[in-house]
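Q: The first sequence maps to residues 69 to 1060 in my numbering.
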Amino acid sequence: MASEAEEVGAPSAVAVQERVLAYWQRTDVPGRTLAGPADGPVFRFTEGPPTANGPPHVGHLVARVLKDVQLRYRRMQGFRIVSSMAGWDCHGLAVELEIEKRHGLRSHHDIEAFGVERFCDACREDTLRVASVWRTMSRRLGYWLDYDRAYRTMDPPYIESVWWSLKTLFDCGLLEKDHYVLPYCPRCETSLSSHEVAQGYHETTDPSVTVRFPLDPASGTPRDLLVWTTTPWTLPANLLVAARAETEYAVVREADGREVVLASAAVPRYFPAGADVVARLAGRELAGRAYRPPFDTPGPAPGRYRVVLDDFVTVAEGTGFVHVAPSFGPDDLRIGARERVGVFDPLDSRGHFTDGVPLVAGKAFKAADAVLVRELESRGLLYRSESLRHVYPFCWRCDSALLYRAMDSWFVRTSRVTEGLVRHNRSVAWVPSSYRDGRFGNFLTEAKDWALSRNRYWGTPLPIWICAAGHATCVGSFAELAERATPPLPDPLDPHRVTVDRLTLRCGTCGLEARREPYTIDAWYDAGAAPFAQYHYPFDPGPFDPAAPLDYIAEGLDQTRGWFYTLLVLAVTLFDRPAYRSCVTSGLVLDESGRKMSKSRGNALEPLAMLERLGGDASRWGFLALDFTEPMRVSETGIEKVAGRTLGTLRHAVAFHLENARADGLGPAPDRPSPPALLDRWLLSRLEGTRAAIERSLESFDPRDGATAVRAFVDDLSTWYLRRSRARFWGETDPADRRQAHATLAYALGGLARAIAPLVPFTAEWIHQEVGGREFATADGSVHAAPWPSELARRDVSVERGMDELRGLVEVGRELRQRAGVKARVPLLELVVFGDPGPDLAPLGEEATGLLASELNVRRVVRVPAARREQYPDPDWVVREEHGVPVAALPRRPTDELLEEGLAREVARRLQQRRKEIGLRYGDRVRVAIHADGPLRRAVAPRREALARELLADALDLVDGPLVPGPDVGTWTFEGLSFSARVVRAPDRPRG
RNA sequence: GGGCCCAUAGCUUAGGUUGGCUGGAGCACCCGGCUGAUAACCGGGAGGUCGUCGGUUCAAAUCCGACUGGGCCCA
């Protein structure tokens, strides 16, 4: 019967996965299961939309694993997932830049010449080019999402929902146009958000110049203010100089008799050898003094070119005088507005100087630095010229140096809802928890207005039209647009720029003709609108509930400034509630030496290739076993090792069970058993403890502790339960016990499969099918369609503690054997344990002692009072003592009879090895002939029958003469003894 | 310059909220053992100033402060 065992060993992770994927595909398990039961309670979730034209990287895998683990758990609990849609972030610079590159476009002018419609069409087509890669990745990772009904931020219904939200903000005064200093990319010809800027700081070298600003010589000695700047190109836009009222300034006479003015604190930096200070004065005494600007290009205007006071001036670096160019800095703009001096911006939209500054007309802003500095030098105004290494922002997409400039933009007035942002964030369960008040919470308290508009083409158009009288009309739906617009709307309507730019509106206030503000909006706004816009809220009835936050989201930590933030801003401004109840953040993925992964460095792991080689579960396990909240060092071999240890061991345990079950002709996993044997009760209790640990950790949205519990359970299963149960599985003596062992193991594996289904969906499915005898047949039979088990077995903590104590004694016993120098194969008469067993071990009784005895290969275990230590003298006994208290003792020598038995074991082991070498399977019958002399013969002869049984030998002969050498014959020598034997396969005989 | 997080053996880490006996474990290394699922397992060896300094305490990896280094974010 046993010869029916066919597959030897466990299938590889990839083989398991392929088998499961084929089953899922054939029976459409994901399609039927992924949304959860239609009538279940709702679990709200939204997939953060990845940029739809960029391929996934390893960082994406981590967040996806976290998301999928949670969603699987909630589905098993009977929740309906709202929503299980995949999503795509379709708009924005990333896509536009790709198209520009492909068609050699370098500016707005080029794009317009190319044709905005053509350009947007190209963007649209490119947008979903990589969708199939994402889909494949999700499939291999086991991340179930509804890709067939993915939401796309470029779809008209989605855009209409975004418009609805913009109008809602507009109506309550939270969407306004303003003139403000923003980071600006001259190549992309658009302003950027602070989020985008943050991604592009590099170190660079800039000029560091100190320039003389001569004070108007009312009388007496010429005096120059010293002004320091790292952006000489802003000097033509200078309108004022700022000083600080309370700061002390020094007038220093130089060798040529001229005088320069600078903050006293700056004197040592500029005159390390000492200075001839002729006067000291407070900053306020300089207020109102007029000076001659370095370049008088803007022409005279009232109030310009004088010293003003402001507290933003510091003396930590520079000279204590700051040149104010209101178009190029936030403080500059503020001071300029206060002093009513207007602005002068000599740059065009590409950052080139206009004719307003003839000296550098046509030059790019940075390129003008050198020319301007030379000019200052030739006019004797350059006091000092150096260069400075510092970090400066560059465009994260095209790597051009950015500039800060004042410009018109539409703003979401987030600064007015700071209190709501902070308050609602306080109710969010963050993982890691410190983000709530730390990293994210801090950022909220300083929330600045959100510069929403972009001078770009491929994005959600800002739905605001302005009439000649300056009234703004914000359109909140296509119906409203149709009602106000001329000409009539095309059908179907694609609400992107080309279409809406052609429309004029009747002004909502005065009825005059209104033209659209020619902006698109920040694509991060699109993403933040996903929870409602994916359902076309409020236009279609859908499951979106304006009062309900998402229950759960998870993304990489880069989203703290991105999606996590825009979700919160929209939830607070539109619905006055938090955006999500829990938010799990994964850390950065580093390579094995701790460096950031990047394509250019060539150390990036390619996710698809990794998934293909290791399988989805190994990758999932690799991330779950790490502390994903910290920067993670990830390598394929590292993941393989970690996953092999737990998942590989588990697969082998399953294969072992299947082989035994088949050999015994057993059916699928039974219902919950109540076995009498201690080992079985222990295993089931450990199973329940593991299930509960997974449940606890998934309830708190942090799977790490659950994964740790699974690792410990698999370890216990493999190294204690199976190890101690082996004899039970093939024992002939107690068929009832054998059946109980099979049943317990089958139940434990099946139960474990359900409990780990959220963590490792492929392995779990494979076990559920194989052990449960479901044969990959129906979708309903999937482990992912099974309910989450609320209890798998009775937890018996006392049994677990007792077993722990017992296993502690096993370790002590092994150490004693080692010290006695008696191999485990040679039985010893007894293990002596001093003192009484603990309160948990004591009730386990004979059964526990039996486990101890068999594990240590001793005939019996005896308990004696510690006081009888002296009955076990050191010459005859090895004794373990702890802190002077005896723990256990073992005889140093086996008895002669036991020694013989040990020898027989040595022979048996070598013949078993031989069975394997000649390619026999468990169950194949053999014929054996042994030739041995002396002690070996004396050991084997009386144990022939037992040996024959053990080796599955039909015949076992002890022969007198030496065996004729041949390929079937082997000879072994150990401990100075030798024997030879012939092992051949027995002729087949009819099965009984 | 500001905020948050991290630091335990060559590497990966448990423990830290609740201070307490010799700080556990895995990988890798050396010696030995076991093995009819296993890249498994077991014993022994070597390897730790628990980042540094200071404080609280009878007692600190653990609590507090400063510093150093790393990471992320902001300016």
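Just so it is clear, CB atoms sit at the ideal spot from N, CA and C, and this is done for glycine as well.
Verify whether the separation of the beta carbon atoms of V346 and R321 is less than 8 Å.
A: The count along the first sequence starts at 1 and reaches residue 346 at position 278. The count along the first sequence starts at 1 and reaches residue 321 at position 253. Cβ distance < 8 Å, so V346 and R321 count as in contact.
Q: Have a look at R583, G655, D569, W526 and flag the residue whose alpha-carbon is nearest the alpha-carbon of D594.
A: Taking the first residue of the first sequence as position 1, residue 594 is located at position 526. Closest option to D594, Cα to Cα, is W526.
Q: Per DSSP, what are the beta-bridge partners of H247 in this structure?
A: Looking up residue 247 in the first sequence gives position 179. Beta-bridge pairing links H247 to D476.
Q: Measure the C-alpha to C-alpha separation of V778 and R842 and round it to an integer number of angstroms.
A: Locating residue 778 in the first sequence gives position 710, where the first residue counts as 1. Locating residue 842 in the first sequence gives position 774, where the first residue counts as 1. Here the C-alpha atom of V778 lies approximately 24 Å from the C-alpha atom of R842.
Q: Give me the residue from T1039, L979, A1049, G1002 with the minimum Cα distance to E1018.
A: The residue labelled residue 1018 in the question sits at position 950 within the first sequence. Closest by alpha carbon: L979.
Q: Go ahead and pull the three-state DSSP assignment for V309.
A: Residue mapping note: residue 309 aligns to position 241 of the first sequence, counting from 1. Three-state result, V309: strand.
Q: Kindly give me the distance between the Cβ atoms of V441 and P300, rounded to whole angstroms, as I take these residues to be in contact under 8 Å.
A: Residue numbering aside, residue 441 sits at position 373 when the first sequence is read from its first letter. Residue numbering aside, residue 300 sits at position 232 when the first sequence is read from its first letter. Yes, V441 and P300 are in contact; Cβ-Cβ is about 5 Å, under 8 Å.
Q: What does the alpha-carbon distance come out to for the pair L573 and A582?
A: Along the first sequence, one-based indexing puts residue 573 at 505. Along the first sequence, one-based indexing puts residue 582 at 514. Between the alpha carbons of L573 and A582 lies a distance of about 5 Å.
Q: Suppose the cutoff is 7 Å on Cβ atoms and the five residues either side in sequence are ignored; what does the same chain contact list for F1042 look like?
A: Numbered from its first residue, the first sequence carries residue 1042 at position 974. Excluding positions up to five away in sequence, the list reads E974.
Q: Buried or exposed for R584, going by 16 or more other Cβ atoms inside 10 Å?
A: Start at 1 with the first residue of the first sequence, and residue 584 comes out as number 516. It is buried - the Cβ of R584 has at least 16 other Cβ atoms within 10 Å.
Q: Among residues of its own chain, excluding the 5 on either side of A916, which ones have a beta-carbon nearer than 7 Å to its beta-carbon?
A: Mapped onto the first sequence, residue 916 falls at position 848. Excluding sequence neighbours, A916 sits near L746, G870, L874, L909.
Q: Looking only at its own chain, which residues have a Cβ that is under 7 Å from the Cβ of L449, when we skip the five neighbours before and after it?
A: Reading the first sequence from its first residue, position 381 is the one you call residue 449. V279, R280, P362, listed in sequence order.
Q: Per DSSP, which residues does L958 bridge with? Please list them.
A: As a position in the first sequence, residue 958 is number 890, starting the count at 1. Partner(s): V946.
Q: Which full runs of the alpha helix (DSSP H) of 4+ residues lie inside the segment 691-770, going along the chain?
A: 704-711, 717-731, 746-767
Q: Taking Cβ positions, are G1038 and R982 nearer each other than 8 Å?
A: Counting from one through the first sequence, the residue named residue 1038 turns up at place 970. Counting from one through the first sequence, the residue named residue 982 turns up at place 914. Contact: yes.
Q: In whole angstroms, what separates the C-alpha of G342 from that of P336?
A: For the purposes of this step, residue 342 is identified with residue 274 of the first sequence, where counting begins at 1. For the purposes of this step, residue 336 is identified with residue 268 of the first sequence, where counting begins at 1. The straight-line gap from Cα to Cα measures roughly 7 Å.
Q: Which runs of the beta strand (DSSP E) fall wholly inside the segment 416-471 and span at least 3 residues, in chain order?
A: 450-461
Q: What residue range is occupied by the uninterrupted alpha helix (DSSP H) comprising M153?
A: Reading the first sequence from its first residue, position 85 is the one you call residue 153. Element bounds for M153: not the alpha helix (DSSP H) but the beta strand (DSSP E), 153-156.
Q: Can you give the beta carbon distance from L958 to G876, rounded, assuming they're within the 8 Å contact cut?
A: One-based indexing of the first sequence puts residue 958 at position 890. One-based indexing of the first sequence puts residue 876 at position 808. Rounded, the Cβ-Cβ distance is 15 Å, inconsistent with contact.
Q: Could you tell me the alpha carbon to alpha carbon distance between A861 and R740, rounded to whole angstroms?
A: Sequence index remark: in the first sequence, residue 861 carries index 793 (1-based). Sequence index remark: in the first sequence, residue 740 carries index 672 (1-based). Approximately 7 Å, taken between the alpha carbons.
Q: Please report how far the alpha carbon of P771 lies from the alpha carbon of R481, in whole angstroms.
A: As a position in the first sequence, residue 771 is number 703, starting the count at 1. As a position in the first sequence, residue 481 is number 413, starting the count at 1. Going by the C-alpha atoms only, they are around 38 Å apart.
Q: In whole angstroms, what is the alpha-carbon distance linking D1036 and R937?
A: Taking the first residue of the first sequence as 1, we reach residue 1036 at position 968. Taking the first residue of the first sequence as 1, we reach residue 937 at position 869. C-alpha separation (whole angstroms): 53 Å.
Q: Could you tell me the boundaries of the beta strand (DSSP E) in which D399 lies?
A: Sequence index remark: in the first sequence, residue 399 carries index 331 (1-based). No beta strand (DSSP E) contains D399, which is instead part of the alpha helix (DSSP H) from 398-407.
Q: Can you tell me which residues form a DSSP beta bridge with E873?
A: By one-based count along the first sequence, residue 873 stands at place 805. Paired residue(s): none; E873 is not in a bridge.
Q: Give the DSSP-derived three-state secondary structure of H177 in the structure shown.
A: By 1-based counting over the first sequence, the position of residue 177 is 109. In this structure, H177 counts as helix in the three-state DSSP scheme.
Q: Rounding to the nearest angstrom, what Cα-Cα distance links S650 and A497 in this structure?
A: The residue labelled residue 650 in the question sits at position 582 within the first sequence. The residue labelled residue 497 in the question sits at position 429 within the first sequence. Taking the straight line from one Cα to the other gives about 4 Å.
Q: Going by DSSP in three states, K516 sits in which element: helix, strand or coil?
A: The sequence position of residue 516 within the first sequence is 448, counting from 1. DSSP, reduced to helix, strand and coil, places K516 outside both helices and strands of the structure shown, so it counts as coil.
Q: So, with DSSP's three-state summary, where would you put P664?
A: Residue numbering aside, residue 664 sits at position 596 when the first sequence is read from its first letter. Here residue 664 turns out to be Lys, not Pro, going by the sequence shown. DSSP places K664 in strand when its eight states are reduced to three.
Q: Hey, is the segment 961-973 in contact with the segment 890-907, meaning 3+ C-beta pairs nearer than 8 Å?
A: yes
Q: Just mark Q602 as buried or exposed, buried being the case when its beta carbon has 16 or more other beta carbons within 10 Å.
A: Taking the first residue of the first sequence as position 1, residue 602 is located at position 534. Buried, by the Cβ-count rule.
Q: Determine the burial state of H247: buried for a count of at least 16 other Cβ atoms within 10 Å of its Cβ, exposed for fewer.
A: In the first sequence, counting from the first residue as 1, residue 247 sits at position 179. By the 10 Å Cβ count, H247 comes out exposed.
Q: Take the Cβ of G1002 as the centre, count every other Cβ of all protein chains shown within 10 Å, and call the residue buried at 16 or more, exposed below.
A: Taking the first residue of the first sequence as 1, we reach residue 1002 at position 934. By the 16-neighbour rule on beta-carbons within 10 angstroms, G1002 is exposed.
Q: For a minimum of 4 consecutive residues, which ranges assigned as the alpha helix (DSSP H) are wholly contained in the segment 165-250?
A: The qualifying runs are 176-182, 184-195, 199-209, 224-239.
Q: I need the boundaries of the alpha helix (DSSP H) containing Y633, first residue and last residue.
A: Within the first sequence, numbered from 1, the residue matching residue 633 stands at position 565. Start and end: 631-638.
Q: Which residue wins for smallest C-alpha separation from T101, given the options F113, D626, L139?
A: Residue 101 sits at position 33 when you count from the first residue of the first sequence. Here the closest residue by C-alpha is L139.
Q: Would DSSP call R255 helix, strand or coil?
A: Taking the first sequence and counting its residues from 1, one reaches residue 255 at position 187. R255 falls in the coil class under three-state DSSP.
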